[in-house]
Amino acid sequence: MKKAVYLMKMARRLFFSIFALAVIILITVYVIEPEYAYVPPEKKLKSDSAISIAQKNNASGFDVWGKTITQQEADQLRQTQNGRELLSPDHGAIEVNQSLLQLGRKAFYQETFGNEVFLTDIMGIVDGALTIPNMMKAILQLKGQGTTNLQVELAKDVTIGNKFFKKGMKIDTGIDVPKGAYAPLGMPVKLSEGRMKVGISCAACHATVDRETKRVIEGAPNADLNVGLIMALATNSAAYFTHAQIEGLTQYIKNLDRTVVTSDGNTEPLPDPEAIEKAVDETFVKWPQGNFDSTIDMKSNPSQIPDSFTLGDHPYGWSGFAMAGPFKGLSTFSQNVHAQNSDSLSQADVSKELFGMDKEVYLGTILQNAANPKYRFDPKKGQKPSEFFATVDPTPGSPGVNELIPSPTFPKVSLIAPDGLLASSPGYRVWEQINGISAWQNTIVPPKPEEQIDSRTLALGKTVFQRAGCIRCHAGDAFTNNRIISVKDIGTEPSRCNRQVLLSKFR
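If you're matching positions, the sequence shown starts at 12 in the numbering used here and goes up one per residue.
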(Lines of atoms letter the chains of each structure in order from A; the text may use other names.)
(Lines give C-alpha, C1' and ligand atoms only; values in the text may rest on other atoms or scores of the structure.)
Protein backbone atom coordinates (compact mmCIF):
# COMPACT_ATOMS: atom_id res chain seq x y z
CA MET A 12 0.00 0.00 0.00
CA LYS A 13 2.77 2.44 0.96
CA LYS A 14 4.59 1.60 -2.25
CA ALA A 15 1.48 2.36 -4.31
CA VAL A 16 1.01 5.73 -2.54
CA TYR A 17 4.68 6.52 -3.11
CA LEU A 18 4.41 5.68 -6.80
CA MET A 19 1.30 7.84 -7.12
CA LYS A 20 3.11 10.79 -5.49
CA MET A 21 6.09 10.33 -7.78
CA ALA A 22 3.81 10.12 -10.83
CA ARG A 23 2.03 13.29 -9.73
CA ARG A 24 5.35 15.11 -9.27
CA LEU A 25 6.57 13.89 -12.65
CA PHE A 26 3.35 15.07 -14.29
CA PHE A 27 3.59 18.55 -12.76
CA SER A 28 7.30 18.73 -13.63
CA ILE A 29 6.56 17.89 -17.27
CA PHE A 30 3.64 20.32 -17.26
CA ALA A 31 5.82 23.09 -15.79
CA LEU A 32 8.54 22.36 -18.36
CA ALA A 33 5.97 22.54 -21.17
CA VAL A 34 4.73 25.90 -19.85
CA ILE A 35 8.31 27.22 -19.68
CA ILE A 36 8.97 26.07 -23.25
CA LEU A 37 5.76 27.71 -24.49
CA ILE A 38 6.61 30.95 -22.68
CA THR A 39 10.13 30.82 -24.11
CA VAL A 40 8.82 30.28 -27.65
CA TYR A 41 6.22 33.03 -27.46
CA VAL A 42 8.31 35.59 -25.56
CA ILE A 43 11.89 34.98 -26.64
CA GLU A 44 10.95 33.84 -30.18
CA PRO A 45 14.12 31.89 -31.10
CA GLU A 46 15.55 32.39 -34.59
CA TYR A 47 18.46 31.11 -36.63
CA ALA A 48 20.35 32.32 -39.69
CA TYR A 49 23.49 30.78 -41.12
CA VAL A 50 26.58 33.01 -41.05
CA PRO A 51 29.54 31.28 -42.76
CA PRO A 52 32.79 31.19 -40.76
CA GLU A 53 36.01 32.07 -42.58
CA LYS A 54 36.82 28.43 -43.32
CA LYS A 55 33.51 28.11 -45.20
CA LEU A 56 34.35 30.95 -47.61
CA LYS A 57 35.96 30.48 -50.98
CA SER A 58 39.67 31.28 -50.70
CA ASP A 59 39.35 34.65 -52.47
CA SER A 60 36.72 35.74 -49.96
CA ALA A 61 38.87 34.55 -47.08
CA ILE A 62 41.69 36.75 -48.36
CA SER A 63 39.33 39.71 -48.41
CA ILE A 64 38.67 39.22 -44.69
CA ALA A 65 42.27 40.17 -44.02
CA GLN A 66 41.72 43.29 -46.11
CA LYS A 67 38.62 44.10 -44.09
CA ASN A 68 40.61 43.96 -40.88
CA ASN A 69 42.59 46.95 -42.12
CA ALA A 70 39.54 48.93 -43.24
CA SER A 71 39.05 52.06 -41.16
CA GLY A 72 38.27 55.72 -41.61
CA PHE A 73 35.11 57.78 -42.08
CA ASP A 74 32.35 58.32 -44.58
CA VAL A 75 30.97 61.86 -44.63
CA TRP A 76 27.94 61.95 -46.92
CA GLY A 77 29.69 59.85 -49.52
CA LYS A 78 33.15 61.32 -49.15
CA THR A 79 35.72 58.78 -47.97
CA ILE A 80 38.20 59.99 -45.36
CA THR A 81 41.04 57.62 -44.58
CA GLN A 82 42.27 57.02 -41.06
CA GLN A 83 45.42 59.00 -41.79
CA GLU A 84 43.37 61.95 -43.09
CA ALA A 85 41.09 61.70 -40.05
CA ASP A 86 44.07 61.86 -37.67
CA GLN A 87 45.19 65.08 -39.37
CA LEU A 88 41.68 66.59 -39.30
CA ARG A 89 41.35 65.96 -35.57
CA GLN A 90 44.11 68.49 -34.97
CA THR A 91 41.78 71.35 -35.92
CA GLN A 92 38.40 72.44 -34.55
CA ASN A 93 36.80 72.41 -37.98
CA GLY A 94 38.21 68.96 -38.64
CA ARG A 95 36.80 67.58 -35.40
CA GLU A 96 33.38 69.02 -36.27
CA LEU A 97 33.55 67.46 -39.73
CA LEU A 98 34.14 64.01 -38.20
CA SER A 99 31.19 64.41 -35.81
CA PRO A 100 28.03 62.26 -36.28
CA ASP A 101 26.10 65.55 -36.11
CA HIS A 102 27.63 66.41 -39.48
CA GLY A 103 26.80 63.02 -41.01
CA ALA A 104 30.16 61.40 -40.36
CA ILE A 105 30.10 57.61 -40.04
CA GLU A 106 33.15 55.96 -38.53
CA VAL A 107 34.12 52.82 -40.39
CA ASN A 108 35.73 50.48 -37.90
CA GLN A 109 35.76 46.78 -37.06
CA SER A 110 32.61 47.07 -34.96
CA LEU A 111 30.63 48.58 -37.84
CA LEU A 112 31.99 46.07 -40.37
CA GLN A 113 31.15 43.13 -38.12
CA LEU A 114 27.64 44.49 -37.58
CA GLY A 115 27.25 44.94 -41.34
CA ARG A 116 28.35 41.39 -42.16
CA LYS A 117 26.06 39.95 -39.50
CA ALA A 118 23.11 41.99 -40.79
CA PHE A 119 23.89 40.95 -44.38
CA TYR A 120 23.31 37.29 -43.45
CA GLN A 121 20.84 37.52 -40.58
CA GLU A 122 18.74 40.67 -40.72
CA THR A 123 15.25 40.44 -42.24
CA PHE A 124 13.87 43.65 -40.72
CA GLY A 125 10.80 41.56 -39.91
CA ASN A 126 9.91 40.53 -43.47
CA GLU A 127 9.13 36.98 -42.33
CA VAL A 128 5.69 38.29 -41.33
CA PHE A 129 4.86 39.45 -44.85
CA LEU A 130 6.50 36.50 -46.61
CA THR A 131 5.16 33.75 -44.34
CA ASP A 132 2.03 35.04 -42.61
CA ILE A 133 0.64 37.12 -45.47
CA MET A 134 2.12 35.83 -48.75
CA GLY A 135 2.39 32.23 -47.53
CA ILE A 136 5.59 31.19 -49.34
CA VAL A 137 5.84 28.01 -47.23
CA ASP A 138 2.11 27.37 -46.81
CA GLY A 139 1.42 25.96 -50.26
CA ALA A 140 3.14 23.22 -52.25
CA LEU A 141 6.53 24.37 -50.95
CA THR A 142 6.81 23.62 -47.23
CA ILE A 143 9.39 23.93 -44.46
CA PRO A 144 9.34 20.18 -43.62
CA ASN A 145 10.08 19.28 -47.25
CA MET A 146 12.82 21.90 -47.43
CA MET A 147 14.42 20.45 -44.30
CA LYS A 148 14.10 16.96 -45.75
CA ALA A 149 15.92 18.10 -48.89
CA ILE A 150 18.70 19.69 -46.83
CA LEU A 151 19.16 16.56 -44.71
CA GLN A 152 19.40 14.45 -47.87
CA LEU A 153 22.45 16.48 -48.87
CA LYS A 154 24.28 14.95 -45.87
CA GLY A 155 26.29 18.12 -45.40
CA GLN A 156 27.63 18.25 -48.96
CA GLY A 157 25.92 21.52 -49.85
CA THR A 158 24.28 22.60 -53.11
CA THR A 159 23.76 25.56 -55.41
CA ASN A 160 20.23 24.42 -56.14
CA LEU A 161 18.16 22.87 -53.37
CA GLN A 162 15.69 20.49 -55.01
CA VAL A 163 12.53 20.21 -52.92
CA GLU A 164 9.61 17.79 -53.19
CA LEU A 165 6.23 19.46 -53.55
CA ALA A 166 3.74 18.73 -50.78
CA LYS A 167 0.67 18.75 -53.05
CA ASP A 168 -0.52 19.00 -56.63
CA VAL A 169 -0.71 22.51 -58.07
CA THR A 170 -1.48 24.00 -61.47
CA ILE A 171 -0.06 27.38 -62.49
CA GLY A 172 -1.18 28.59 -65.89
CA ASN A 173 -0.69 25.66 -68.26
CA LYS A 174 1.92 24.04 -66.03
CA PHE A 175 1.00 21.13 -63.76
CA PHE A 176 3.22 20.39 -60.78
CA LYS A 177 2.59 16.98 -59.25
CA LYS A 178 2.89 16.19 -55.56
CA GLY A 179 6.25 14.56 -54.84
CA MET A 180 8.05 16.01 -57.86
CA LYS A 181 11.25 17.89 -57.12
CA ILE A 182 11.51 21.50 -58.20
CA ASP A 183 14.62 23.62 -58.73
CA THR A 184 14.50 26.37 -56.11
CA GLY A 185 17.99 27.75 -56.74
CA ILE A 186 18.33 28.09 -52.95
CA ASP A 187 21.96 27.69 -51.86
CA VAL A 188 23.14 25.51 -48.97
CA PRO A 189 26.88 25.76 -48.12
CA LYS A 190 28.90 22.64 -47.48
CA GLY A 191 28.59 21.54 -43.86
CA ALA A 192 25.52 23.72 -43.27
CA TYR A 193 22.01 22.53 -42.50
CA ALA A 194 20.22 25.76 -43.29
CA PRO A 195 19.63 27.75 -46.49
CA LEU A 196 21.86 30.71 -47.21
CA GLY A 197 20.09 34.00 -46.58
CA MET A 198 16.82 32.54 -45.28
CA PRO A 199 16.59 33.13 -41.52
CA VAL A 200 14.03 31.00 -39.71
CA LYS A 201 12.09 32.27 -36.71
CA LEU A 202 9.67 30.55 -34.34
CA SER A 203 7.05 33.17 -33.53
CA GLU A 204 3.40 33.05 -32.43
CA GLY A 205 3.66 29.26 -32.44
CA ARG A 206 4.54 29.23 -36.15
CA MET A 207 7.75 28.63 -38.04
CA LYS A 208 8.39 31.70 -40.18
CA VAL A 209 10.89 32.21 -43.00
CA GLY A 210 12.30 35.56 -44.06
CA ILE A 211 15.03 36.69 -46.42
CA SER A 212 18.25 38.59 -45.78
CA CYS A 213 20.61 40.21 -48.28
CA ALA A 214 22.54 36.94 -48.59
CA ALA A 215 19.62 35.11 -50.25
CA CYS A 216 20.24 37.02 -53.48
CA HIS A 217 23.67 38.62 -53.07
CA ALA A 218 25.79 35.67 -51.95
CA THR A 219 26.12 32.26 -53.50
CA VAL A 220 27.79 28.89 -53.17
CA ASP A 221 30.71 27.93 -55.42
CA ARG A 222 29.70 25.06 -57.68
CA GLU A 223 32.92 23.12 -57.11
CA THR A 224 33.86 23.69 -53.48
CA LYS A 225 30.33 24.49 -52.17
CA ARG A 226 31.89 27.30 -50.18
CA VAL A 227 30.31 30.75 -49.94
CA ILE A 228 31.25 33.54 -52.35
CA GLU A 229 30.28 36.73 -50.56
CA GLY A 230 28.80 39.41 -52.82
CA ALA A 231 28.25 37.19 -55.87
CA PRO A 232 24.64 37.05 -57.13
CA ASN A 233 22.62 33.87 -56.75
CA ALA A 234 22.29 33.42 -60.50
CA ASP A 235 19.79 30.55 -60.39
CA LEU A 236 17.54 31.58 -57.49
CA ASN A 237 14.05 30.68 -58.67
CA VAL A 238 12.26 33.64 -57.06
CA GLY A 239 9.34 33.64 -59.50
CA LEU A 240 8.45 29.99 -59.01
CA ILE A 241 8.88 30.16 -55.23
CA MET A 242 6.43 33.08 -55.04
CA ALA A 243 4.03 31.53 -57.56
CA LEU A 244 3.76 28.49 -55.28
CA ALA A 245 2.75 30.71 -52.35
CA THR A 246 -0.88 30.61 -51.27
CA ASN A 247 -1.28 34.40 -51.48
CA SER A 248 1.21 35.60 -54.07
CA ALA A 249 -1.48 38.15 -54.97
CA ALA A 250 -0.13 40.11 -51.99
CA TYR A 251 2.74 41.00 -54.35
CA PHE A 252 0.48 41.97 -57.25
CA THR A 253 2.15 45.35 -57.85
CA HIS A 254 5.18 43.48 -59.24
CA ALA A 255 3.07 41.43 -61.67
CA GLN A 256 1.50 42.27 -65.01
CA ILE A 257 -1.75 43.72 -63.65
CA GLU A 258 -3.46 46.48 -65.64
CA GLY A 259 -5.99 47.14 -62.88
CA LEU A 260 -8.29 45.36 -60.45
CA THR A 261 -11.56 45.85 -62.36
CA GLN A 262 -11.13 42.79 -64.57
CA TYR A 263 -10.79 40.56 -61.49
CA ILE A 264 -14.06 41.65 -59.86
CA LYS A 265 -16.53 38.75 -60.14
CA ASN A 266 -19.33 40.05 -57.92
CA LEU A 267 -20.29 42.96 -55.68
CA ASP A 268 -20.74 40.92 -52.48
CA ARG A 269 -17.25 41.61 -51.12
CA THR A 270 -16.88 45.35 -50.67
CA VAL A 271 -14.98 47.81 -48.49
CA VAL A 272 -15.68 51.34 -47.37
CA THR A 273 -13.07 53.57 -48.97
CA SER A 274 -11.17 56.49 -47.43
CA ASP A 275 -13.74 58.99 -48.76
CA GLY A 276 -16.73 57.03 -47.47
CA ASN A 277 -17.75 55.37 -50.73
CA THR A 278 -18.01 51.64 -51.35
CA GLU A 279 -15.80 49.64 -53.71
CA PRO A 280 -15.65 45.89 -54.42
CA LEU A 281 -12.53 43.81 -53.89
CA PRO A 282 -11.12 41.62 -56.67
CA ASP A 283 -11.93 37.94 -56.55
CA PRO A 284 -9.10 36.27 -54.56
CA GLU A 285 -8.82 33.26 -56.86
CA ALA A 286 -8.91 35.30 -60.07
CA ILE A 287 -6.15 37.74 -59.10
CA GLU A 288 -4.10 34.94 -57.53
CA LYS A 289 -4.23 33.01 -60.81
CA ALA A 290 -3.12 36.06 -62.82
CA VAL A 291 -0.21 36.87 -60.48
CA ASP A 292 0.95 33.23 -60.38
CA GLU A 293 0.96 33.03 -64.17
CA THR A 294 3.22 36.10 -64.30
CA PHE A 295 5.68 35.01 -61.63
CA VAL A 296 6.17 31.49 -62.96
CA LYS A 297 7.54 33.00 -66.21
CA TRP A 298 10.37 34.87 -64.48
CA PRO A 299 13.80 33.52 -65.44
CA GLN A 300 15.90 32.09 -62.65
CA GLY A 301 18.24 34.61 -61.07
CA ASN A 302 15.88 37.47 -61.95
CA PHE A 303 13.68 39.69 -59.78
CA ASP A 304 11.33 42.61 -60.36
CA SER A 305 12.16 45.38 -57.90
CA THR A 306 9.79 47.99 -59.34
CA ILE A 307 6.32 48.64 -57.94
CA ASP A 308 4.54 49.71 -61.12
CA MET A 309 2.14 46.79 -61.81
CA LYS A 310 4.41 45.77 -64.67
CA SER A 311 6.43 42.57 -64.80
CA ASN A 312 9.97 43.61 -65.71
CA PRO A 313 12.36 41.34 -63.83
CA SER A 314 16.06 41.96 -64.22
CA GLN A 315 19.15 40.02 -63.21
CA ILE A 316 20.03 40.04 -59.54
CA PRO A 317 23.13 42.27 -59.24
CA ASP A 318 26.33 41.51 -57.38
CA SER A 319 27.33 43.34 -54.19
CA PHE A 320 30.90 44.25 -55.11
CA THR A 321 30.03 47.90 -54.67
CA LEU A 322 33.28 49.79 -54.12
CA GLY A 323 33.67 52.45 -56.82
CA ASP A 324 30.45 51.33 -58.48
CA HIS A 325 28.32 54.44 -57.83
CA PRO A 326 25.73 55.65 -58.74
CA TYR A 327 23.98 52.51 -57.56
CA GLY A 328 20.46 53.04 -58.90
CA TRP A 329 19.79 52.73 -62.62
CA SER A 330 17.51 55.78 -62.40
CA GLY A 331 19.65 57.78 -60.02
CA PHE A 332 17.22 57.29 -57.12
CA ALA A 333 20.13 56.33 -54.83
CA MET A 334 22.28 59.33 -55.62
CA ALA A 335 22.39 60.79 -52.11
CA GLY A 336 23.26 59.61 -48.64
CA PRO A 337 26.09 57.76 -46.90
CA PHE A 338 28.62 55.82 -48.93
CA LYS A 339 27.75 57.71 -52.14
CA GLY A 340 24.12 56.63 -51.86
CA LEU A 341 24.82 52.95 -51.25
CA SER A 342 22.89 53.00 -47.96
CA THR A 343 19.89 54.48 -49.77
CA PHE A 344 20.16 51.71 -52.35
CA SER A 345 20.85 48.87 -49.88
CA GLN A 346 17.79 49.51 -47.75
CA ASN A 347 15.41 49.57 -50.72
CA VAL A 348 14.60 45.86 -50.60
CA HIS A 349 13.49 45.96 -46.99
CA ALA A 350 11.76 49.35 -47.10
CA GLN A 351 9.92 48.61 -50.33
CA ASN A 352 10.31 45.19 -51.92
CA SER A 353 9.72 42.76 -49.06
CA ASP A 354 6.56 44.35 -47.65
CA SER A 355 3.88 45.53 -50.08
CA LEU A 356 1.85 46.87 -47.17
CA SER A 357 4.39 49.66 -46.71
CA GLN A 358 3.01 51.37 -49.85
CA ALA A 359 -0.56 51.59 -48.54
CA ASP A 360 -0.33 55.31 -47.71
CA VAL A 361 0.73 56.17 -51.28
CA SER A 362 -1.37 53.60 -53.16
CA LYS A 363 -3.54 56.35 -54.64
CA GLU A 364 -0.56 58.17 -56.12
CA LEU A 365 1.28 55.03 -57.22
CA PHE A 366 -1.52 52.80 -58.43
CA GLY A 367 -4.64 55.01 -58.58
CA MET A 368 -6.06 52.76 -55.89
CA ASP A 369 -7.73 53.71 -52.62
CA LYS A 370 -5.81 52.67 -49.51
CA GLU A 371 -8.66 50.48 -48.23
CA VAL A 372 -8.98 48.61 -51.53
CA TYR A 373 -5.21 48.16 -51.64
CA LEU A 374 -5.00 46.76 -48.11
CA GLY A 375 -8.06 44.58 -48.61
CA THR A 376 -6.62 43.06 -51.80
CA ILE A 377 -3.37 42.12 -50.06
CA LEU A 378 -4.90 40.79 -46.84
CA GLN A 379 -8.08 39.07 -48.04
CA ASN A 380 -6.30 35.75 -48.62
CA ALA A 381 -3.47 36.00 -46.07
CA ALA A 382 -1.91 32.64 -45.22
CA ASN A 383 -2.18 33.15 -41.47
CA PRO A 384 -5.85 33.59 -40.39
CA LYS A 385 -4.69 36.21 -37.90
CA TYR A 386 -3.81 38.57 -40.78
CA ARG A 387 -6.70 37.57 -43.08
CA PHE A 388 -9.19 40.35 -43.77
CA ASP A 389 -12.86 39.38 -44.03
CA PRO A 390 -14.98 42.09 -45.73
CA LYS A 391 -18.17 40.56 -44.30
CA LYS A 392 -17.22 41.65 -40.77
CA GLY A 393 -17.89 45.31 -41.56
CA GLN A 394 -14.44 46.68 -40.70
CA LYS A 395 -12.32 48.84 -42.93
CA PRO A 396 -9.14 47.00 -43.94
CA SER A 397 -7.06 49.69 -42.21
CA GLU A 398 -9.06 49.25 -38.99
CA PHE A 399 -8.56 45.48 -39.12
CA PHE A 400 -4.86 45.79 -39.89
CA ALA A 401 -4.37 48.13 -36.92
CA THR A 402 -5.51 45.30 -34.61
CA VAL A 403 -2.86 42.84 -35.89
CA ASP A 404 -0.04 45.17 -36.97
CA PRO A 405 3.23 43.90 -35.39
CA THR A 406 4.86 47.32 -35.91
CA PRO A 407 2.24 49.90 -34.87
CA GLY A 408 3.23 53.45 -35.69
CA SER A 409 5.05 52.56 -38.90
CA PRO A 410 3.69 51.56 -42.33
CA GLY A 411 3.38 47.87 -43.15
CA VAL A 412 4.71 44.98 -41.09
CA ASN A 413 8.47 45.41 -41.59
CA GLU A 414 10.67 47.29 -39.13
CA LEU A 415 10.46 50.68 -40.83
CA ILE A 416 10.71 54.27 -39.66
CA PRO A 417 8.81 56.99 -41.55
CA SER A 418 11.15 59.73 -42.72
CA PRO A 419 10.32 63.36 -41.78
CA THR A 420 8.82 63.84 -45.26
CA PHE A 421 6.65 60.70 -45.25
CA PRO A 422 4.53 59.89 -47.21
CA LYS A 423 6.38 62.15 -49.61
CA VAL A 424 9.70 60.82 -50.83
CA SER A 425 13.15 62.38 -50.77
CA LEU A 426 16.60 61.69 -52.18
CA ILE A 427 17.65 59.99 -48.95
CA ALA A 428 14.41 57.99 -48.73
CA PRO A 429 13.04 57.32 -52.23
CA ASP A 430 10.07 55.49 -50.70
CA GLY A 431 9.75 57.76 -47.66
CA LEU A 432 10.83 54.99 -45.29
CA LEU A 433 13.98 53.95 -43.43
CA ALA A 434 14.63 50.27 -42.60
CA SER A 435 15.94 49.96 -39.04
CA SER A 436 15.48 47.44 -36.22
CA PRO A 437 14.63 48.30 -32.61
CA GLY A 438 17.72 48.57 -30.42
CA TYR A 439 19.86 50.14 -33.13
CA ARG A 440 20.39 53.74 -34.16
CA VAL A 441 18.55 54.72 -37.32
CA TRP A 442 20.33 53.15 -40.31
CA GLU A 443 23.13 51.77 -38.12
CA GLN A 444 22.65 48.30 -39.63
CA ILE A 445 22.17 49.65 -43.16
CA ASN A 446 25.35 51.73 -42.94
CA GLY A 447 27.16 48.69 -41.59
CA ILE A 448 26.00 46.63 -44.58
CA SER A 449 27.15 49.37 -46.97
CA ALA A 450 30.56 49.70 -45.31
CA TRP A 451 31.04 45.93 -45.34
CA GLN A 452 29.93 45.58 -48.98
CA ASN A 453 32.63 48.05 -49.96
CA THR A 454 35.28 45.70 -48.54
CA ILE A 455 34.36 42.52 -50.43
CA VAL A 456 36.02 41.71 -53.72
CA PRO A 457 35.02 39.33 -56.53
CA PRO A 458 36.95 36.06 -56.80
CA LYS A 459 39.63 35.79 -59.43
CA PRO A 460 38.52 34.12 -62.70
CA GLU A 461 39.34 30.44 -62.74
CA GLU A 462 39.62 30.28 -66.53
CA GLN A 463 43.13 30.63 -67.93
CA ILE A 464 42.98 33.09 -70.84
CA ASP A 465 46.01 33.75 -73.00
CA SER A 466 47.38 37.28 -73.38
CA ARG A 467 46.53 37.43 -77.10
CA THR A 468 42.84 36.83 -76.44
CA LEU A 469 42.84 39.41 -73.66
CA ALA A 470 44.46 42.02 -75.91
CA LEU A 471 41.93 41.33 -78.67
CA GLY A 472 39.04 41.67 -76.23
CA LYS A 473 40.40 44.98 -74.96
CA THR A 474 40.70 46.31 -78.50
CA VAL A 475 37.13 45.33 -79.40
CA PHE A 476 35.88 46.78 -76.11
CA GLN A 477 37.47 50.12 -76.93
CA ARG A 478 36.55 50.24 -80.61
CA ALA A 479 32.91 49.38 -79.87
CA GLY A 480 32.69 52.40 -77.58
CA CYS A 481 32.04 50.36 -74.42
CA ILE A 482 34.83 52.33 -72.74
CA ARG A 483 32.71 55.51 -72.84
CA CYS A 484 30.48 54.18 -70.06
CA HIS A 485 32.48 51.27 -68.65
CA ALA A 486 35.75 52.97 -67.75
CA GLY A 487 38.29 52.73 -64.94
CA ASP A 488 38.95 49.97 -62.42
CA ALA A 489 35.22 49.65 -61.58
CA PHE A 490 34.24 49.72 -65.28
CA THR A 491 31.87 52.65 -64.84
CA ASN A 492 31.98 56.36 -65.59
CA ASN A 493 30.03 56.95 -62.35
CA ARG A 494 27.28 58.73 -64.25
CA ILE A 495 23.54 58.18 -64.64
CA ILE A 496 22.82 57.19 -68.24
CA SER A 497 19.40 58.01 -69.66
CA VAL A 498 17.20 55.05 -70.55
CA LYS A 499 16.70 56.75 -73.93
CA ASP A 500 20.43 56.51 -74.60
CA ILE A 501 20.66 52.89 -73.53
CA GLY A 502 17.48 51.93 -75.38
CA THR A 503 16.33 49.15 -73.05
CA GLU A 504 13.69 48.58 -70.37
CA PRO A 505 11.25 51.40 -71.27
CA SER A 506 8.86 50.38 -68.49
CA ARG A 507 11.47 51.39 -65.91
CA CYS A 508 11.37 54.90 -67.31
CA ASN A 509 7.61 55.05 -66.70
CA ARG A 510 8.11 54.29 -63.02
CA GLN A 511 10.18 57.41 -62.55
CA VAL A 512 7.36 59.50 -64.00
CA LEU A 513 5.01 57.81 -61.54
CA LEU A 514 7.24 58.48 -58.55
CA SER A 515 7.62 62.15 -59.49
CA LYS A 516 3.91 62.68 -58.90
CA PHE A 517 4.22 62.70 -55.13
CA ARG A 518 7.70 64.12 -54.58
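From the three backbone atoms N, C-alpha and C, an ideal C-beta is built for every residue, glycine too.
| Within this structure, are the beta carbons of T306 and Q256 separated by less than 9 Å? | Start at 1 with the first residue of the sequence shown, and residue 306 comes out as number 295. Start at 1 with the first residue of the sequence shown, and residue 256 comes out as number 245. No, the pair does not count as a contact, with Cβ atoms beyond the cut-off.
| message | Contact defined as beta carbons within less than 8 Å: I believe V412 pairs with T406. What is the distance between those atoms, to the nearest angstrom? | response | Along the sequence shown, one-based indexing puts residue 412 at 401. Along the sequence shown, one-based indexing puts residue 406 at 395. Distance from V412 to T406 at the Cβ level is roughly 6 Å; contact confirmed, criterion being Cβ atoms closer than 8 Å.
| query | Between which two residues does the alpha helix (DSSP H) harbouring P100 extend? | reply | As a position in the sequence shown, residue 100 is number 89, starting the count at 1. Where P100 is concerned, there is no enclosing alpha helix (DSSP H), given that its DSSP letter is neither H nor E.
| message | Between E398, Y49, P429 and K473, which has its C-alpha nearest V348's C-alpha? | response | Position 337 of the sequence shown, counting from 1, holds the residue named residue 348. It is P429 whose Cα lies nearest to the Cα of V348.
| query | So, is S466 buried or exposed, given that buried needs 16 or more other C-beta atoms within 10 angstroms? | reply | Stepping through the sequence shown from its first residue, residue 466 is reached at position 455. Flag for S466 reads exposed.
| query | Which runs of the alpha helix (DSSP H) spanning at least 4 residues fall entirely within the segment 203-276, listed in chain order? | reply | Within the segment 203-276, the complete alpha helix (DSSP H) runs of at least 4 residues are 214-217 and 238-243.
| Rounded to the nearest angstrom, how far is the Cβ of N380 from that of P284, given a contact under 8 Å? | Residue numbering aside, residue 380 sits at position 369 when the sequence shown is read from its first letter. Residue numbering aside, residue 284 sits at position 273 when the sequence shown is read from its first letter. The beta-carbon separation of N380 and P284, rounded to 4 Å, stays under the 8 Å limit for a contact.
| said: Here's the rule I'm using: 16 or more other beta-carbon atoms within 10 Å means buried, otherwise exposed. How should Q358 be labelled? | reply: The residue given as residue 358 occupies position 347 in the sequence shown. For Q358, the number of other beta carbons within 10 angstroms of its own is at least 16, and it is reported as buried.
| query | Hey, D183 and V220: beta-carbon distance below 9 Å or not? | reply | As a working mapping, residue 183 is identified with position 172 in the sequence shown. As a working mapping, residue 220 is identified with position 209 in the sequence shown. Result no, Cβ atoms of D183 and V220 do not sit closer than 9 Å.
| query | From which residue to which residue does the alpha helix (DSSP H) around K499 run? | reply | If you number the sequence shown from 1, residue 499 lands on position 488. Unbroken alpha helix (DSSP H) run through K499: V498 to I501.
| said: Pairs of beta-carbons, one from the segment 327-347 and one from the segment 422-440, closer than 8 Å: are there three or more? | reply: Yes: at least three Cβ pairs fall under 8 Å.
| message | Quick check on this structure: which residue in M368, A234 and R206 has the alpha carbon closest to the alpha carbon of G259? | response | What you label residue 259 is simply residue 248 of the sequence shown in a count that begins at 1. Minimum Cα distance to G259 is reached at M368.
| What residues in its chain sit with their C-beta under 7 Å from that of S397, if we drop five residues either side in the sequence? | The residue labelled residue 397 in the question sits at position 386 within the sequence shown. The beta carbon of S397 is closer than 7 Å to those of K370, E371 and L374 in its chain, skipping five residues each way along the sequence.
| task | May I ask you to report which of helix, strand or coil DSSP gives Q162? | result | By 1-based counting over the sequence shown, the position of residue 162 is 151. In the three-state reduction of the DSSP assignment, Q162 falls in the strand class, which pools E and B.
| Option nearest Q346 by Cα separation, candidates N145, M134, P280 and A118 | In the sequence shown, the residue the question calls residue 346 occupies position 335. It is A118 whose Cα lies nearest to the Cα of Q346.
| message | Quick test of your reading: N446 and L98, contact by CB under 8 Å. State the CB separation rounded to the nearest angstrom. | response | Along the sequence shown, read from residue 1 onward, the residue named residue 446 stands at position 435. Along the sequence shown, read from residue 1 onward, the residue named residue 98 stands at position 87. Contact annotation, N446 with L98: C-beta distance approximately 15 Å; criterion of less than 8 Å not satisfied.
| request: Inspect the CB distances between the segment 197-205 and the segment 155-174 and report whether three or more fall short of 8 Å. | output: Output reads no: the segment 155-174 does not touch the segment 197-205.
| request: Jot down the residue ranges of each uninterrupted alpha helix (DSSP H) in the segment 369-421, minimum 4 residues, whole runs only, in chain order. | output: The qualifying runs are 370-378 and 396-403.
| request: Spatial neighbours of S520 within its chain, please: CB distance less than 6 Å, with the 5 preceding and 5 following residues excluded, ordered by chain position. | output: For residue 520 there is no data in the structure shown, the boundaries of the chain being 12 and 518.
| query | E122: which of G197, F175 and G179 sits nearest, CA to CA? | reply | The sequence position of residue 122 within the sequence shown is 111, counting from 1. The residue from G197, F175 and G179 with its alpha-carbon nearest to that of E122 is G197.
| field | Residues of its chain near W76, where Cβ-Cβ distance is below 7 Å and the 5 sequence neighbours each way are ignored | value | Within the sequence shown, residue 76 is the residue found at index 65, counting from 1. Once the five neighbours on either side are set aside, the close Cβ partners of W76 are G103 and P337.
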